[in-house]
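Asker: With this note's numbering applied, the sequence shown covers 203 to 291.
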Amino acid sequence: MQFAGRGPNGEVAVVYYSNSTTKISYLDSTTLDELPGLTRELPAGVTSVRLDSDGIGLLWIDSNTLWYLPASGSVRRLGQGYTSAWFAT
């Protein structure tokens, strides 16, 4: 499990890695109860998952390729040769 950021309403977002998927779960910030309606999934093998400051945009690495999915728009390939990524605040 890894911290991925805060959701759009302050939820705590965590990433679970498994052999079959990379799952982003959102937890209520006061009770830490999982909010299943917000769950997102990426392919297995994805690493360095981070939420943008808006809590919606998503950054990740898949096979050393950096990808970005903005809150509105299409997935963009940002480059190759990356091993980790994060958003600067």
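Where is the CB? At the ideal position from N, CA and C, for every residue including glycine.
Out of GLY247, THR223, SER222, LEU237, which one is the CA nearest neighbour of PRO210?
Answerer: Looking at the Cα atoms, LEU237 is the closest of the given residues.
Asker: Which residues in the same chain as GLY283 place their Cβ atom closer than 7 Å to its Cβ, once the five residues preceding and following it in sequence are excluded?
Answerer: So the list reads ASN266, once near-sequence residues are dropped.
Asker: Does DSSP put PRO272 in a helix, in a strand, or in coil?
Answerer: PRO272: coil per DSSP, three-state reduction.
Asker: Would you call TYR218 buried or exposed, if buried means 16 or more other Cβ atoms sit within 10 Å of its Cβ?
Answerer: Per the 10 Å Cβ criterion, exposed.
Asker: Check GLY239 in the structure and name its three-state DSSP category.
Answerer: GLY239 falls in the helix class under three-state DSSP.
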